[in-house]
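Sequences listed follow chains P and W, in order. The opening residue of the first sequence carries number 7 in the working numbering; numbering runs sequentially from there. The opening residue of the second sequence carries number 7 in the working numbering; numbering runs sequentially from there.
There are 2 protein chains.
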Amino acid sequence: MENRQKVFIEKIGVRTEKMGYSPLSGRILGALLLADPPHMTFDHICTYLSASKSSISNNLNILMRDGVNMIEYFTVPGDRKRYFRISLQNWSKHLKDMPQEFEYSNELLSDIIEYRTENKLESKFTTDLEKILSFYNFMLERLPSLINEWEQQQLKK
Amino acid sequence: MENRQKVFIEKIGVRTEKMGYSPLSGRILGALLLADPPHMTFDHICTYLSASKSSISNNLNILMRDGVNMIEYFTVPGDRKRYFRISLQNWSKHLKDMPQEFEYSNELLSDIIEYRTENKLESKFTTDLEKILSFYNFMLERLPSLINEWEQQQLKK
DNA sequence: ACTTTGGTTCGGAACTAACCGAACTAAAAG
DNA sequence: CTTTTAGTTCGGTTAGTTCCGAACCAAAGT
Numbered sequence: 007m008e009n010r011q012k013v014f015i016e017k018i019g020v021r022t023e024k025m026g027y028s029p030l031s032g033r034i035l036g037a038l039l040l041a042d043p044p045h046m047t048f049d050h051i052c053t054y055l056s057a058s059k060s061s062i063s064n065n066l067n068i069l070m071r072d073g074v075n076m077i078e079y080f081t082v083p084g085d086r087k088r089y090f091r092i093s094l095q096n097w098s099k100h101l102k103d104m105p106q107e108f109e110y111s112n113e114l115l116s117d118i119i120e121y122r123t124e125n126k127l128e129s130k131f132t133t134d135l136e137k138i139l140s141f142y143n144f145m146l147e148r149l150p151s152l153i154n155e156w157e158q159q160q161l162k163k
Numbered sequence: 007m008e009n010r011q012k013v014f015i016e017k018i019g020v021r022t023e024k025m026g027y028s029p030l031s032g033r034i035l036g037a038l039l040l041a042d043p044p045h046m047t048f049d050h051i052c053t054y055l056s057a058s059k060s061s062i063s064n065n066l067n068i069l070m071r072d073g074v075n076m077i078e079y080f081t082v083p084g085d086r087k088r089y090f091r092i093s094l095q096n097w098s099k100h101l102k103d104m105p106q107e108f109e110y111s112n113e114l115l116s117d118i119i120e121y122r123t124e125n126k127l128e129s130k131f132t133t134d135l136e137k138i139l140s141f142y143n144f145m146l147e148r149l150p151s152l153i154n155e156w157e158q159q160q161l162k163k
């Protein structure tokens, strides 16, 4: 493997690891992002990343799991191989689902505040938490329309 | 420790772990979020979470590290103990620094696109990536003013 | 029917991270 | 100067993860 690619892929990998994936998963994503054409066979990935079939198999499946869907595969008639590629559709969807992320933090923080209020705990601190919550809520309220705005802008092009 | 709190704290912990902290760090944050008054001594945390002094020490220090600053401590004259609490100030700041997060993904994606263009790799895929990048850029552009808007709204209250 | 191909599953080795107890340090109290 | 208190550092254990090779399976080719 060429060196510039290698460095790149590791860089992508590091970023991906922070999203909670294994190093190899990250490298797979990296490889697919740099690939030309932008898809690779199972075998190709193995040799390209010099990783074992088992590891590749496991990590591909993780990346294709429900709720992850970072990659997908397609087949061509008269060819048994699978061709794996980044699922850009799901990537965009993931971005658009970003508010969902806020929703979780939001819920938890609400619960904490509720707990503190119910149990009459120190209220200055609770008030401060409420301020943070209000920020989450603000974002949660605004993000969808912001995303929508972007979509409209795209359509016009 | 009371049971409702325990469940709660674990729940907070799980969420925090996803941000890349250890379980114990998460539990410390949880404990401090529920505490009344909203601060605890070193010893208090140890017994409350039934964890060792060493672990607590390490994790407190991690949570106080530069670039993290999730918690802070204060002291009272004539008392050698430290009182630890959530640093709400830094928490808010962290939120406002959210665009920074986008910046990193953005940069990496730009690099990938640049690589693909330079090396004349399949351009349909590259174009699709550019679309995603444009979303990142859009967010990066809009988030600051959105955050600013919220701040103005807060001041008026 | 036998082989080849594409991929999965299983069991274990190597590594990593979290946590603990014990020994230690620094500073205040007596 | 001795003791106590508050917290840190060190070394080892345990738990969990990642990855590999080998065995395996299912479908297609011969």
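By construction, the Cβ of each residue, glycine as well, lies at the ideal position given by its N, Cα and C atoms.
In this structure threonine 123(P) is exposed. Its beta-carbon is surrounded by fewer than 16 other beta-carbon atoms within 10 angstroms.
Residue-level contact by beta carbon fails for tyrosine 54(W) and chain P, as no gap is shorter than 8 Å. Around the C-beta of serine 56(W), fewer than 16 other C-beta atoms lie within 10 Å, and the residue is accordingly described as exposed.
Rounded to whole angstroms, the gap between the alpha carbons of cysteine 52(W) and histidine 50(P) is 52 Å. One finds Ala41, Asp42, Pro43, Pro44 in chain W with Cβ atoms closer than 9 Å to the Cβ of glutamate 128(P), taken in chain order. Residues of the same chain with a CB within less than 8 Å of the CB of threonine 47(W), apart from the 5 flanking positions on each side, are Lys87, Arg88, Tyr89, Phe90 in chain order.
Within the model, the alpha-carbon separation for lysine 162(P) versus lysine 137(W) is close to 13 Å. Contact between the segment 104–117 of chain W and the segment 135–153 of chain W is present, with at least three C-beta pairs closer than 8 Å. Contact annotation: in the segment 19–32 of chain W, residues whose CB is within less than 9 Å of a CB in chain P are Arg21, Lys24, Gly26. Neighbours of leucine 114(P) in chain W, taken as residues at a C-beta separation under 8 Å, are given in chain order as Lys17, Ile18, Arg21. Per DSSP, the continuous beta strand (DSSP E) segment holding threonine 81(W) begins and ends at 77–81. Across the set Leu135(W), Glu113(W), Ser31(W), Pro43(W), the C-alpha of Ser31(W) shows the shortest separation from the C-alpha of methionine 70(W). Interface annotation, tyrosine 121(W): in contact with chain P, CB-CB separation under 8 Å.
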